[in-house]
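K.L.:
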Amino acid sequence: MSPELESDTVADPNYDDEFDAIVVGAGLAGSAAALTMANRGLDVLLIERGSSPGAKNVFGGVLYTPTIRELTDFDDAPVERYVAERRFSMLSKDDETAVSLRPGEWHEKPHNDSYTVLRGDFDEWFAEQAAEEGATLLNSTTVTGLIREDGRIAGVETDRPDGTIRAPYVVLAEGGNSLVSEGANLKQTETRENVAVGVKEVLEFPQRDEVIEDRFRLTDEAGVSYHYFGEGAVGDAFGGGFIYTNEDTVSIGVAYRIEDAAAHDQSPEETLNAFKSHPAVAPLVRNARTVEYSAKTIPEGGAESIPDLVHDGAAIVGDAAGLVLNNGVHLEGTNMAVESGYHAGNAIARAADKGRVGADALQAYPESLEESFVVKNLEHYQWMMNAVEEDRDLLFEDLPRAFADAGTEYFRMDRQPKESHAKNAKSAVLSAVGGWTGAAKLALRYRKVVT
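The UniProt record's numbering applies: residue 1 is where the sequence shown begins, and numbers increase by one.
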């Protein structure tokens with residue numbers, strides 16, 4: 001069977017009972033699962049609803065690559081830039097207070113395994129790696145449901161002429177909008193407070209890479225990852241904004257809770273436009289032209305929202321499994337998607353060796369994932385998501401204003417002694433957090449951020 005088969009051939013082949021496993025979705029998690037199973041000798045069908053892998057996939061722009069590097073010859077991967085600087089900014093209505101990190105080590109390979117990418121290019125390449133190992137890629141095909149036989153998942157229904165495709169194992173890598181998994185009652189629909197909406201634009205500049213390198217102080221293949229929060233980013237919503245540099249474009253966007261979006265008169269597109277016009281952001285995107293606009297939902301429920309990952313004949317991976325970490329400091333999902341696909345693929349290969357398809361035979365997947373950084377990180381920072389929600393007014397409105405006022409006061413140049421300015425700056429911050437007692441409680445509350 002050829003490594004890649006398109007759905008628009010003159011005579012559509014019948015794939016029913018031709019494969020050991022079906023993967024629904026050729027994103028990062030799905031391709032990782034397909035590649036892992038193909039490496040283990042399984043015949044894998046990788047189904048993608050878009051015209052090509054990545055055509056319908058949306059994310060901010062930074063890919064974390066340790067596991068991909070182990071699975072592929074990563075030197076050939078279509079990355080845009082490596083991340084040489086991380087910047088975290090608190091935005092009040094008109095001000096910015098920022099911390100920037102530019103470690104020299106990040107300029108050395110493998111560049112902290114952090115790269116900006118464009119999913120249309122990268123996902124297609126990653127799926128091709130699975131195809132080169134023997135997986136069959138089927139594009140422009142929508143999975144409409146799952147097949148059950150004798151109480152287990154035994155294949156998928158599609159919009160193809162032949163419709164039904166059976167296989168012993170199905171990997172559901174359909175992303176955050178997981179209609180197939182939910183329709184089969186393999187997981188519950190996530191509540192609005194645990195889902196964010198993300199909108200993103202890709203911007204192009206005159207003179208392209210020269211403008212980008214000048215504005216972001218870059219050389220060669222280096223890039224930046226800028227994260228913003230506070231009322232200047234997304235108003236009083238729970239979320240933030242981002243800017244990532246590509247080779248000759250810039251990705252900019254915002255992400256915030258759907259329940260906040262529903263409660264506001266301002267649409268996500270209007271929120272993004274307001275963010276782009278902030279005094280700290282506008283100079284970075286001046287004279288840019290939008291060449292791409294996209295939106296998606298993002299699961300943000302953390303460890304408490306992870307569904308049952310295995311069922312008889314099926315496994316759930318990536319965003320469909322809620323494997324996203326976004327606590328304001330760490331914004332990760334791509335590495336978790338790949339890691340989950342890798343562990344699910346290995347568990348299915350082991351089960352196939354024994355001829356078993358039950359959920360108990362696939363239990364190695366959730367067990368190995370629990371021992372990996374994925375679940376450990378989600379569990380470690382679950383408290384932070386809850387704490388940030390409780391302190392949202394303080395963190396997103398009061399503190400950004402207080403730090404901006406404190407910085408203005410501390411560096412004020414007049415004929416007053418600097419000691420008086422330092423006291424006023426301290427008072428601005430202490431007033432926002434409730435005095436020394438409030439500051440101590442806040443420090444105690446968030447101490448685990450650095451542990």
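Here a beta-carbon is modelled for each residue, glycine too, at the ideal position from N, C-alpha and C.
My guess is that residue 156 and residue 24 are in contact by the Cβ rule of under 8 Å, so how many angstroms apart are they, rounded?
P.N.:
The residue given as residue 156 occupies position 156 in the sequence shown. The residue given as residue 24 occupies position 24 in the sequence shown. Residue 156 to residue 24, Cβ: 6 Å. Contact.
K.L.:
Could you compute how far the alpha carbon of residue 55 sits from the alpha carbon of residue 120?
P.N.:
As a first step, residue 55 is located in the sequence shown; it is residue number 55 there, counting from the start. As a first step, residue 120 is located in the sequence shown; it is residue number 120 there, counting from the start. Rounded to the nearest angstrom, the two C-alpha atoms are 5 Å apart.
K.L.:
Do residue 318 and residue 302 count as a contact pair if the criterion is CB distance below 8 Å?
P.N.:
The residue you call residue 302 lines up with position 302 of the sequence shown. The residue you call residue 318 lines up with position 318 of the sequence shown. Not a contact, by the Cβ cut-off of 8 Å.
K.L.:
By the DSSP assignment, the alpha helix (DSSP H) with residue 438 in it spans what residues?
P.N.:
Walking along the sequence shown from the start, residue 438 turns up at place 438. Counting along the chain, the alpha helix (DSSP H) containing residue 438 begins and ends at 435-445.
K.L.:
Within a Cβ cutoff of 6 Å, which residues of the same chain sit near residue 71, ignoring the five residues on either side of it in sequence?
P.N.:
Start at 1 with the first residue of the sequence shown, and residue 71 comes out as number 71. Hits under 6 Å: 35.
K.L.:
Comparing C-alpha positions only, which one of 343, 392 and 360 sits nearest to residue 370?
P.N.:
As a position in the sequence shown, residue 370 is number 370, starting the count at 1. Residue 370 has its Cα closest to that of 343, out of 343, 392 and 360.
K.L.:
Return yes when the Cβ of residue 405 is within less than 8 Å of the Cβ of residue 422, no when it is not.
P.N.:
For this step, residue 422 is matched to residue 422 along the sequence shown. For this step, residue 405 is matched to residue 405 along the sequence shown. No, these two residues do not count as a Cβ contact at 8 Å.
K.L.:
Can you grab the Cα-Cα spacing for the pair residue 169 / residue 160, in whole Å?
P.N.:
Here residue 169 refers to the residue found at position 169 when the sequence shown is read from its first residue. Here residue 160 refers to the residue found at position 160 when the sequence shown is read from its first residue. Going from the Cα of residue 169 to the Cα of residue 160 covers about 20 Å.
K.L.:
In the DSSP assignment, the alpha helix (DSSP H) including residue 380 goes from what residue to what residue?
P.N.:
Mapped onto the sequence shown, residue 380 falls at position 380. Run containing residue 380: 373-380, per the alpha helix (DSSP H) assignment.
K.L.:
May I ask you to list the residues that DSSP assigns as paired with residue 200?
P.N.:
As a first step, residue 200 must be located in the sequence shown, where it is residue number 200. Note: residue 200 sits in a beta bridge opposite 253 and 294.
K.L.:
From this set, 271, 399, 61 and 33, which residue's C-alpha is nearest residue 95's C-alpha?
P.N.:
For this step, residue 95 is matched to residue 95 along the sequence shown. Residue 95 has its Cα closest to that of 399, out of 271, 399, 61 and 33.
K.L.:
From which residue to which residue does the alpha helix (DSSP H) around residue 89 run?
P.N.:
For the purposes of this step, residue 89 is taken as the residue at position 89 of the sequence shown. Residue 89 -> not in any alpha helix (DSSP H); beta strand (DSSP E) instead, spanning 81-91.
K.L.:
Is it the case that the region 43-63 contacts the region 13-23, given that we only count it when at least three CB pairs across the two stretches are under 8 Å?
P.N.:
Touching, per the Cβ criterion.
K.L.:
In three-state DSSP terms, what is residue 7?
P.N.:
Position 7 of the sequence shown, counted from the first residue, corresponds to residue 7. Reliability fails at residue 7, whose pLDDT of 42 lies under 50, so the model's placement of it is uncertain and the value that follows must be treated cautiously. Three-state result, residue 7: coil.
K.L.:
Ignore the nearest five residues each way along the sequence and tell me which others in residue 114's own chain have a CB closer than 7 Å to its CB.
P.N.:
Translated into positions along the sequence shown, residue 114 becomes position 114. So the qualifying residues of the chain are 62, 64, 82 and 83.
K.L.:
On the three-state DSSP scale, how would you describe residue 229?
P.N.:
Reading the sequence shown from its first residue, position 229 is the one you call residue 229. The answer is strand: DSSP assigns residue 229 an E or B state.
K.L.:
Taking residue 251 as the reference, give the member of 426, 202 and 101 with the closest Cα.
P.N.:
In the sequence shown, residue 251 corresponds to position 251, counting from 1. When only C-alpha atoms are compared, the closest one is 202.
K.L.:
How close, in whole Å, do the beta carbons of residue 88 and residue 333 come, if the pair is a contact with beta carbons under 8 Å?
P.N.:
Within the sequence shown, the letter at position 88 stands for residue 88. Within the sequence shown, the letter at position 333 stands for residue 333. The pair is not a contact, with the Cβ atoms about 18 Å apart (cut-off 8 Å).
K.L.:
Among 182, 174, 147 and 171, which residue has its Cα nearest to the Cα of residue 165?
P.N.:
For the purposes of this step, residue 165 is identified with residue 165 of the sequence shown, where counting begins at 1. The shortest Cα separation from residue 165 among 182, 174, 147 and 171 belongs to 147.
K.L.:
Kindly identify the DSSP beta-bridge partner or partners of residue 97.
P.N.:
Walking along the sequence shown from the start, residue 97 turns up at place 97. DSSP lists 90 as partners of residue 97.
K.L.:
Between the alpha carbons of residue 237 and residue 268, how many angstroms are there, rounded?
P.N.:
The residue you call residue 237 lines up with position 237 of the sequence shown. The residue you call residue 268 lines up with position 268 of the sequence shown. Those two C-alpha atoms are separated by around 11 Å.
K.L.:
So is residue 129 buried or exposed if we call it buried at 16+ other beta carbons inside 10 Å?
P.N.:
Translated into positions along the sequence shown, residue 129 becomes position 129. Answer is buried; the Cβ neighbour count reaches 16.
K.L.:
Whole angstroms is fine: what's the gap from residue 175's alpha carbon to residue 411's?
P.N.:
As a first step, residue 175 is located in the sequence shown; it is residue number 175 there, counting from the start. As a first step, residue 411 is located in the sequence shown; it is residue number 411 there, counting from the start. Whole-angstrom Cα-Cα distance: 48 Å.
K.L.:
Taking residue 362 as part of the beta strand (DSSP E), name the residues at either end of that continuous run.
P.N.:
One-based indexing of the sequence shown puts residue 362 at position 362. No beta strand (DSSP E) contains residue 362, which DSSP labels as neither H nor E.
K.L.:
If we count the other Cβ atoms within 10 Å of its Cβ and call it buried at 16 or more, is residue 447 buried or exposed?
P.N.:
Along the sequence shown, one-based indexing puts residue 447 at 447. That one is exposed.
K.L.:
Have a look at the DSSP bridge pairing and note the partners of residue 326.
P.N.:
Within the sequence shown, numbered from 1, the residue matching residue 326 stands at position 326. Answer is 331, bridged to residue 326.
K.L.:
Ignoring anything shorter than 3 residues, give me the beta strand (DSSP E) runs that lie fully in the region 31-80, in order along the chain.
P.N.:
Listed in chain order, they are 44-47 and 62-64.
K.L.:
Report the rounded CA-to-CA distance for residue 4 versus residue 79, giving the unit in angstroms.
P.N.:
What you label residue 4 is simply residue 4 of the sequence shown in a count that begins at 1. What you label residue 79 is simply residue 79 of the sequence shown in a count that begins at 1. Note that residue 4 scores a pLDDT of 47, beneath 50, so its modelled location is shaky and nothing firm can be said.
K.L.:
Could you tell me if residue 314 is buried or exposed, where buried requires 16 or more neighbouring beta carbons within 10 angstroms of its beta carbon?
P.N.:
Here residue 314 is taken as the residue at index 314 of the sequence shown, counted from 1. It counts as buried.
K.L.:
Hey, residue 32 and residue 433 are a contact pair by Cβ (cut 8 Å); roughly how many whole angstroms apart?
P.N.:
Against the sequence shown, residue 32 aligns to sequence position 32. Against the sequence shown, residue 433 aligns to sequence position 433. The Cβ separation is near 43 Å, so there is no contact.
K.L.:
Taking the beta strand (DSSP E) that residue 114 belongs to, which residues open and close that run?
P.N.:
Mapped onto the sequence shown, residue 114 falls at position 114. Taken as a continuous stretch (DSSP letters only), the beta strand (DSSP E) holding residue 114 covers 114-116.
K.L.:
Taking the alpha carbon of residue 362 as the point to measure from, which residue in 312, 407, 215 and 284 has its own alpha carbon closest?
P.N.:
Your numbering for residue 362 matches position 362 in the sequence shown. Here the closest residue by C-alpha is 312.
K.L.:
Residue 195 and residue 299 look like a contact to me (Cβ under 8 Å); what is the Cβ gap, rounded to whole Å?
P.N.:
On the sequence shown, position 195 is the one that residue 195 refers to. On the sequence shown, position 299 is the one that residue 299 refers to. With a Cβ gap of about 6 Å, residue 195 and residue 299 count as contacting.
K.L.:
Is it buried or exposed, residue 230, if we count other Cβ atoms within 10 angstroms and call 16 or more buried?
P.N.:
On the sequence shown, residue 230 is found 230 positions in, with the first residue counted as 1. Residue 230 should be labelled buried.
K.L.:
Measure how close the beta-carbons of residue 127 and residue 26 come, nearest whole angstrom, since I'm counting them as under 8 Å.
P.N.:
On the sequence shown, residue 127 is found 127 positions in, with the first residue counted as 1. On the sequence shown, residue 26 is found 26 positions in, with the first residue counted as 1. 5 Å between Cβ atoms; contact.
K.L.:
So, at 6 Å on beta carbons, what are the nonlocal neighbours of residue 30 in its own chain, with the 5 sequence-adjacent residues on each side left out?
P.N.:
Locating residue 30 in the sequence shown gives position 30, where the first residue counts as 1. Same-chain partners within the cutoff: 23 and 173.
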